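Below is one structure, written out as structure tokens; the observations come after it.
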Amino acid sequence: MYIKEIPQFEGKEVVLKGWVANRRDSKGLVFINLRDGSGLCQCIADANKISAEEFENAGKLSLESAAEIHGTVVKDERQIGGFEIQVTKLIVIQIAEEYPIAKKEHGIEFLMDKRHLWLRSQRQWAILRIRNTIIYSIHQFFQKEGFVQMDAPIFTGNACEGTTNLFETDFYGDPAYLSQSGQLYGEAMAMAFGKIYTFGPTFRAEKSKTRRHLSEFWMIEPEVAFMDIHENMDLIENFLQFVIRAVLDNCQNELKLIDRDTSILESSLKKFPRLSYDEAVAIIKGEKDVNGQNSIKSLEDELAKVELAIAAANAEIADREAKLAVPGMKKGEINFNQNKIATLKNDLKDLEEQQRNIPQWIQSAKNFEYGNDLGGSDETVITRLFDVPVMVYDWPHEVKAFYLKRNPNDQRFARGVDVLAPEGYGEIVGGGERETDEQKLRDKIIEHDLPMAEFEWYLDLRKYGSVPHAGFGLGLERLVTWLCKLKHVRESIPFPRMYGRLLP
RNA sequence: UCCUUGAUAGCUCAGCUGGUUAGAGCGAGUGACUGUUAAUCACUAGGUCCCUGGUUCGAGCCCAGGUCAGGGAGCCA
Numbered sequence: 013m014y015i016k017e018i019p020q021f022e023g024k025e026v027v028l029k030g031w032v033a034n035r036r037d038s039k040g041l042v043f044i045n046l047r048d049g050s051g052l053c054q055c056i057a058d059a060n061k062i063s064a065e066e067f068e069n070a071g072k073l074s075l076e077s078a079a080e081i082h083g084t085v086v087k088d089e090r091q092i093g094g095f096e097i098q099v100t101k102l103i104v105i106q107i108a109e110e111y112p113i114a115k116k117e118h119g120i121e122f123l124m125d126k127r128h129l130w131l132r133s134q135r136q137w138a139i140l141r142i143r144n145t146i147i148y149s150i151h152q153f154f155q156k157e158g159f160v161q162m163d164a165p166i167f168t169g170n171a172c173e174g175t176t177n178l179f180e181t182d183f184y185g186d187p188a189y190l191s192q193s194g195q196l197y198g199e200a201m202a203m204a205f206g207k208i209y210t211f212g213p214t215f216r217a218e219k220s221k222t223r224r225h226l227s228e229f230w231m232i233e234p235e236v237a238f239m240d241i242h243e244n245m246d247l248i249e250n251f252l253q254f255v256i257r258a259v260l261d262n263c264q265n266e267l268k269l270i271d272r273d274t275s276i277l278e279s280s281l282k283k284f285p286r287l288s289y290d291e292a293v294a295i296i297k298g299e300k301d302v303n304g305q306n307s308i309k310s311l312e313d314e315l316a317k318v319e320l321a322i323a324a325a326n327a328e329i330a331d332r333e334a335k336l337a338v339p340g341m342k343k344g345e346i347n348f349n350q351n352k353i354a355t356l357k358n359d360l361k362d363l364e365e366q367q368r369n370i371p372q373w374i375q376s377a378k379n380f381e382y383g384n385d386l387g388g389s390d391e392t393v394i395t396r397l398f399d400v401p402v403m404v405y406d407w408p409h410e411v412k413a414f415y416l417k418r419n420p421n422d423q424r425f426a427r428g429v430d431v432l433a434p435e436g437y438g439e440i441v442g443g444g445e446r447e448t449d450e451q452k453l454r455d456k457i458i459e460h461d462l463p464m465a466e467f468e469w470y471l472d473l474r475k476y477g478s479v480p481h482a483g484f485g486l487g488l489e490r491l492v493t494w495l496c497k498l499k500h501v502r503e504s505i506p507f508p509r510m511y512g513r514l515l516p
């Protein structure tokens, strides 16, 4: 019997096993918020309805203690889930020691150190259930479309893309690297199975400390034979919309718990704009408007808004501090005001950071040099103008991976495509159409200064039935982060691995 | 690797221009209260002010070096 099934048992006797998420006492009454992994439910232990020993035990239940509770389901609109349990019997399974995570705000370092316990709190629970729905719907989409799930190896002998840092390990005395992409193997498998997708861990040893990077993350990489870049963009759009719809259909409760405004998710079900690199650059530099909006002007407006918000927050802090300075305030009210000030100060830190960042974004957008890759701020600048993910294709070939095909009509461009998520989240998908000509690939490998011998097996694919093909890679954690509107990827995975973080 | 901000009680933070015995709230413990939602109220306990060295009559505060962390850049999904 799980808490999520309670609505089916109104008026009946049930048995729940779970952990104490919160407890409040009153004379003759103990309120227990029980958590069992499926949901939360308030249980009321009444001194008149259970034995004296059981009532005493109920009072001893510390935060995160485990108990088995027997009781009657009673409808009560005020409660989470609309029901509560009148306890008839209470069995203590374990009394927990003092629980470190208080019912209060904590700093991120502390919470990350306690990640194994933090997973129990409601917000983390909701995010990771959404992650589960996303994973399930990814498999559903590809399976219904006839893709074969086929994983790439994790130990690799070569550097697929060469540029990024790899984790080196010892493979029976030889150096081996943890995979940074299954891409090349996916191409081989697509030549055998037609449509495949990989779903596995990926490792990048970049000493990045940003809200978008992990050292270990999960990547989904489909690859399809006889598909060109435009069909690839169709696939990406259908795929992402299937996943978004699955989250909207199945996770309303979780989305509400994390306070996610779903309007952008709903608007993302309409067609994704497809911009060429040239168009994207013109928009970033403010040379081209989108629906009457100019990138530079809208940033300047944003900066003005941020400055107003900073002034408002400072005024409110001053006001509340003045009130606190007057003696005679009740303790509860003091507490309320102090917490409010703490929250405001935290908001202020974020606002002040934006105040510092936006002018830099404006500068970097104005000075954007044609031919460069888009930086994090450029992605933000462009996605702020849309309420759907944006696809940018046909990139200067110099900035993209060696295996991408050139646009046959304009050799300056490689047929890569990036999907930029709205709300400032930036790149969540990178992909494109692959080069089919063996000699052109050899030239590129030399140009990128990669060891040719390591790629001979890959070049074989171009000798035996080389056909047009395309695919993409989706970073699971970046998708979770955007769909949940998280501030940082570290909350999108149960145990994040990042620079400086190997425990727990 | 670079830029930037920070480290004070179990947690979140305050601590003025260097000054005598370092503070608050939460959490914990004890007690009060029959409907609470981070309950409320009273009392109690709780400190290597990150480390090393320096300046000074005097350092939580100033200086130098280090460690760790937050945010950003580069790079990427």
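If you're matching positions, the first sequence starts at 13 in our numbering and goes up one per residue.
Beta carbons are placed, not taken as given, at the ideal position from N, Cα and C, and that holds for glycine.
As the structure is a prediction and not an experimental result, all values here were calculated from the model.
1. Measure the alpha-carbon distance for N265 versus K497 and round it to whole angstroms.
2. To which residues does DSSP link K24 through a beta bridge?
3. For D430 and L52, I'd like the C-alpha separation in whole angstroms.
4. Could you have a look at N45 and say whether DSSP puts it in helix, strand or coil?
5. Kindly indicate the opening and closing residues of the alpha helix (DSSP H) around M231.
6. Grouping DSSP H, G and I as helix and E and B as strand, with all else coil, what is G169?
7. Is it buried or exposed, G444, if we count other Cβ atoms within 10 angstroms and call 16 or more buried?
8. Give me the Cα-Cα distance between E76 and Y382, rounded to the nearest whole angstrom.
9. Please go through the region 462-507 and give each complete beta strand (DSSP E) segment of 3 or more residues, from N-terminal end onward.
10. Between which two residues does the beta strand (DSSP E) containing L453 stretch?
11. Fully enclosed by the region 371-429, which beta strand (DSSP E) runs are 3 residues long or longer?
12. Where DSSP assigns a beta bridge to N34, which residues make up the other side?
13. Could you give the C-beta distance for W494 and Y437, rounded to a whole number, given that I count them as a contact under 8 Å?
14. What's the call for A202, buried or exposed, on a 16-neighbour Cβ count within 10 Å?
15. Assuming P506 contacts L140 under a Cβ cut-off of 8 Å, what Cβ separation, rounded to an integer in Å, is found between them?
16. Under three-state DSSP, which class holds T274?
17. Take T175 and list the residues in its own chain whose beta-carbon comes closer than 7 Å to its own, dropping the five residues that flank it on each side.
18. For I458 and F154, what's the separation of their Cα atoms in angstroms?
19. Find the nearest neighbour of K417 within the set F95, T448, T210, judged by alpha-carbon distance.
20. Do the region 281-290 and the region 144-153 meet, that is, are 3 or more Cβ pairs less than 8 Å apart?
21. How about V104 and I81: do their beta carbons lie closer than 8 Å?
22. Since S149 is in the alpha helix (DSSP H), which residue starts that stretch and which ends it?
23. Check this for me: beta carbons of V393 and L432, under 8 Å apart or not?
24. Closest to E291 by C-alpha separation, out of E66, L129, V402, N177, would be which residue?
25. Would you mind giving the Cβ-Cβ distance between E439 and E489, rounded to the nearest angstrom? I have them listed as a contact below 8 Å.
26. Roughly how many angstroms separate the alpha carbons of V400 and E299, rounded to a whole number?
27. Taking 8 Å as the limit between beta carbons, can you name the residues of its chain near L520, skipping five residues before and five after?
28. Could you pull the DSSP bridge partners for S288 from this structure?
29. Using CA atoms only, rank isn't needed, just tell me which of E319, K116, S288 is closest to F425.
30. Could you tell me the boundaries of the beta strand (DSSP E) in which Q106 lies?
31. What residues in its chain sit with their C-beta under 8 Å from that of V259, if we drop five residues either side in the sequence?
32. How long is the line joining the alpha carbons of T181 and Q192, rounded to whole angstroms?
Per the coordinate set shown:
1. 15 Å
2. Answer by DSSP bridge pairing: none, since K24 is not bridged.
3. 40 Å
4. strand
5. Element bounds for M231: not the alpha helix (DSSP H) but the beta strand (DSSP E), 228-237.
6. coil
7. buried
8. 56 Å
9. 481-487
10. No beta strand (DSSP E) contains L453, which is instead part of the alpha helix (DSSP H) from 450-459.
11. Qualifying beta strand (DSSP E) stretches, in chain order: 402-408.
12. Answer by DSSP bridge pairing, in chain order: N45.
13. Sure, about 4 Å apart at Cβ, within 8 Å.
14. buried
15. 6 Å between Cβ atoms; contact.
16. In the structure shown, T274 sits in coil (DSSP, three-state: anything other than H, G, I, E or B).
17. Residue placement at T175 cannot be trusted, given a pLDDT of 47 that sits under 50; what the coordinates show is reported in the next sentence. The answer is none, since no qualifying residue turns up.
18. 35 Å
19. Comparing Cα positions, the closest option is T448.
20. no
21. no
22. 134-156
23. no
24. V402
25. Not confirmed; about 12 Å, so no contact.
26. 21 Å
27. With the chain covering 13 to 516 only, the question about residue 520 has no answer from this structure.
28. For S288, which the question treats as bridged, DSSP gives the partners Y405.
29. S288
30. 95-106
31. I142, T145, I146, S149, L267, L277, L495
32. So the alpha carbons of these two residues sit roughly 13 Å apart.
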